Amino acid sequence: MENGEWIKVLVDSELREGTPLVVEVEERKVLLIRSEGRIYACGNECSHYHAPLSDGLVVGHVVTCPWHNARFDISNGRLDAPPGLNDLASYQTKVEEGNIWIRQTGKGSIPAPEGGDDRTFLIVGAGAAGNAAAECLRREGFAGRIVMITGEAYTPYDRTMLSKDLLAGEAPAKWLPLRGQKFYDRLKIEILTERPVTGVDPGTRSVRFADGTSMSGDRILLASGGRPRRLSVPGAELPGCHLLRSRAHAEAILTELEQAKTAVVVGASFIGLEVACSLRARGIDVHVVAPEQLPLASVFGEQIGGRIRRIHEQNGVTFHLGQTVKEFAGGQRVAEVILSDGKRLNTDIVIIGVGVQPEVDYLRGSGLVVEGAVPVNERLETAAEGIFAAGDIAVVPDGRSGEPRRVEHWVEAGRQGMHAARCMLGSREGYRELPFFWSKQYGSSLRYIGYARKFDRIVFRGEVDGKSFVAGFYLEGVLKAAASVGRARELIRLGQLMEADKSVGPEQLQDPAFDLLSM
Ligand SMILES: Cc1cc2nc3c(=O)[nH]c(=O)nc-3n(C[C@H](O)[C@H](O)[C@H](O)COP(=O)(O)OP(=O)(O)OC[C@H]3O[C@@H](n4cnc5c(N)ncnc54)[C@H](O)[C@@H]3O)c2cc1C
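So for the sequence shown, the working numbering puts the first residue at 98; every next one is plus one.
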C-alpha cells in the first residue's frame, strides 16, 4: 500500500494520548500513537532485533525501543539512533468521521545515492561504528565514494551475537551479517575485506596497506575497534586456548565445542559470563576462573554481582573466584588449567575473556594515539583535520561534563559512527549520547544506561532478586547511571532525564509510588 490508498484502521476515540496501540494492516503491524495531540503511525518492529516498539517509550515524536534503546522519529519513521538499521515504515494519518485513516508514505529503506560528488570517504573498520557511519553517509544523501576497509574476511556482522546465541547453537551463522552484499551494492558502499590497514598518514590523509599500496580520502573515519588481551602465562598459546572477538574466533571455538564436555572460561566479565551461559546451553560442564570475589561487582555493585553469580550457579556453572591462572598445561593441546591456589581443572577447551585494548597498532607514528587510544573532540574529529574516530578506539568528551570517556559498547559505537558521519559531512553538532549496553544471560537481559566509573550509593526500585528491578548509581547525590532487568520504560526514562541533565533523587527512585514516567 505504499503511497497508496487510505485505509481506515481505528475508531478515533480508542486511541488515547500516550497509550500506543498496534493495528494489523495487510499483515503488517502498525504502531498508532497520539502524542501531544497529534496522531502518528509507523512500523511497530525495531529494525535491530524486531522488538515490538509498542513496549517502548514514546516522548514527543520519538519512540525508544525497549530492548536495546534504538530510537526512531515517529513522524517520518527515520532512525534517530542505532542499533536500529533501517528506518521504520512511515504513514500519513488523518481523522475523518470519527475514524483514524493511514496511508503508507515510506518503506524504511535507505535510498541509493543520486547525483555526483567527487569526494572519497574512507572508513577503517567494518564493525558497529564503521557500518553505521557508511549507512548514515548515504542516508544523509552523500553521493561520493565510500570505501569501508576491514582486516577480517567478512562484511559487517553482529559481533554481539558471537558470545550469545551463536555459541549457544541457537542462531545460525547466516544470521550474523548486518546486511546482505546486495544492500551494499545498491548503496554503492565498497567493502575491502582482508585488507588490514598498516599505517595512516594525516599529512596526505591516506591509509597504507601491507603490500605498499595506499589510498587517500577527503575524510577518514578510524573505527578499528578492539583486540582481546592475551594472558601472559605459560601455555596460553596452546591449541584449545581461545580468545573471542571476531567471527573467525567464534568459528574456531564452535568447531571444537562439538567434542567438548568440559570448558574453562577465564574472566568473569561480560564476554566470559555470556560464553559460560552459552556453553551451559550446550550441556558443557563450565568452570569460570576470575580474580575478583564477585562477577561484575565493579560495574554493578555487590547486590547485582551476587544475583549474577547465583543465576550462573543455579544453571550449573562452577566459579573459582579470587583465583588467577598460573599455567595452562597439556601436550598437543590444553588439557589442564592450574590455578593460583594450585587447584588443577581438567578441560577440553579454554576461552579467555580478560578484557580488550583499542586496536591502534596501525596508527603508530601518526600522532593520533594518546595512552593507547584515540582522543577526539565533541565532533569526533581527531587531532588531524578531516580524520575522525568512533567506537571502541575513541576517547570522547562527555556531552554534559566534558569528562573524557572510552567505552566498549555496541550501541555507543553505532551512535558515534552515525554522528561522525554527519560531522564528516560538515555538521558542527557535538556528540551528546549517553552510553547504553546490555548483556543477555539465561534468557534475561541486563541493561545499563549512563556512565558511572565511580559511585557511592546504589538505590533499588524493586527487588534485586526478583524478576525485574531498576538500580540507580549515584555519586554525591547525582544519578550517574541506571541498570535494569525488565522495566524497560523506566530505564529509558531515566536515560532521558540524565541526558537532559536532570537528576532523579534516590528517595524518588526507590519509592514505588513515584511515577518516573511522568517526570
Ligand atoms: C563476543 C562479543 C560480544 C559482545 N556483546 C556485547 C553486548 O551484548 N552489548 C554491548 O553493548 N557490546 C557488546 N560487545 C562489544 C561491542 O561488540 C563493541 O563495543 C563494538 O563492536 C565496537 O564497535 P567498533 O566499530 O568500535 O569495533 P568492531 O565492531 O570491533 O569493529 C572493528 C573493525 O575494524 C577492523 N579492523 C581492525 N583493525 C584494522 C586494521 N588495521 N585495518 C582494517 N580494519 C581493521 C575489524 O576487522 C573490524 O571490522 C561485544 C563484543 C564481543 C567481542
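The C-beta atom is built at its ideal place from N, Cα and C for all residues, glycine as well. Remember, it's a predicted structure, so these values are computed and weren't measured experimentally.
Scan the region 167-252 and note each continuous beta strand (DSSP E) run of 3 residues or more that stays entirely inside, going in chain order.
168-170, 176-178, 187-193, 196-203, 217-221 and 242-246
Please state the DSSP three-state secondary structure of S303.
strand
Through-space distance from V330 to A432, alpha-carbon basis
15 Å
Rounded straight-line distance, which links the Cα of I484 to that of M312
14 Å
So is the beta-carbon of G212 under 6 Å away from any non-hydrogen atom of ligand 1?
no
Excluding sequence positions up to five away, which residues of its chain have a Cβ less than 7 Å from the Cβ of A226?
A320, A487, G488, A510, G511, Q513 and G514
Use the C-beta contact count for W272: other C-beta atoms within 10 angstroms, 16 or more gives buried, fewer gives exposed.
exposed
Return the chain-ordered list of same chain residues with a C-beta closer than 7 Å to the C-beta of M98, the five sequence neighbours on each side being excluded.
Here the model assigns M98 a pLDDT of 49, short of 50, so the residue's position is not dependable and the matter cannot be decided.
How would you write the range of the alpha helix (DSSP H) that R327 sits in, first residue to last?
Here R327 belongs to no alpha helix (DSSP H), and DSSP marks it neither H nor E.
Under three-state DSSP, which class holds M616?
coil
Out of A568, G115, G174 and A357, point me to the one whose CA is closest to Q607's CA.
A568
Looking at ligand 1, does it come within less than 6 Å of L335, judged from the CB to the closest heavy atom?
no
When the Cα atoms are used, what is the spatial distance from D109 to G195?
5 Å
Over the uninterrupted beta strand (DSSP E) stretch that includes D382, give me the two end residues.
D382 to A387
Any heavy atom of ligand 1 closer than 6 Å to the CB of D489?
yes
Given I589, which residues of its chain have a CB within under 6 Å of its CB, disregarding the five upstream and five downstream residues?
L154 and T161
Look up S63 in the DSSP assignment and say whether it is helix, strand or coil.
The question about residue 63 has no answer, for the chain in this structure spans 98 to 616.
Tell me the DSSP secondary structure of V561 in three-state form.
coil
Quick one: is the Cβ of A617 within less than 6 Å of any heavy atom of ligand 1?
Because the chain spans 98 through 616 in this model, residue 617 falls outside it and cannot be assessed.
Do V120 and L107 have their C-beta atoms closer together than 7 Å?
yes
Whole angstroms is fine: what's the gap from G380's alpha carbon to I408's?
16 Å
Does the pairing of the region 342-352 with the region 516-524 give three or more beta-carbon distances under 8 Å?
no
When you measure from the CB of P455 to every non-hydrogen atom of ligand 1, does any distance come out below 6 Å?
no
According to DSSP, M312 sits in a beta bridge with which residue or residues?
V304
Does the distance between the C-beta of E535 and the nearest non-hydrogen atom of ligand 1 fall short of 6 Å?
Correcting the residue identity first, residue 535 is Trp in this sequence and not Glu. Yes, ligand 1 has a heavy atom inside 6 Å of this Cβ.
When the distance is taken between beta carbons, is F218 closer than 7 Å to R305?
no
Taking 7 Å as the cut-off, decide whether the C-beta atoms of V362 and A378 are in contact.
no
DSSP state of T290, grouped into three classes?
coil
Less than 7 Å separating the beta-carbons of L185 and G205?
yes
Assuming Y545 contacts F534 (C-beta within less than 8 Å), just tell me the rounded distance between them.
5 Å
Which residues in the same chain have their Cβ closer than 6 Å to the Cβ of P388, if we skip the five residues on either side of it in sequence?
T421
Is the region 491-502 touching the region 457-471 in the sense that three or more CB pairs, one from each, lie closer than 8 Å?
yes
Do V457 and V467 have their beta-carbon atoms positioned less than 7 Å apart in this structure?
no
If contact is defined by three or more beta carbon pairs under 8 Å, each pair taking one atom from either stretch, is the region 520-528 in contact with the region 229-248?
yes
Pair every Cβ in the region 356-371 with every Cβ in the region 391-403, then say whether three or more of these pairs are closer than 8 Å.
yes
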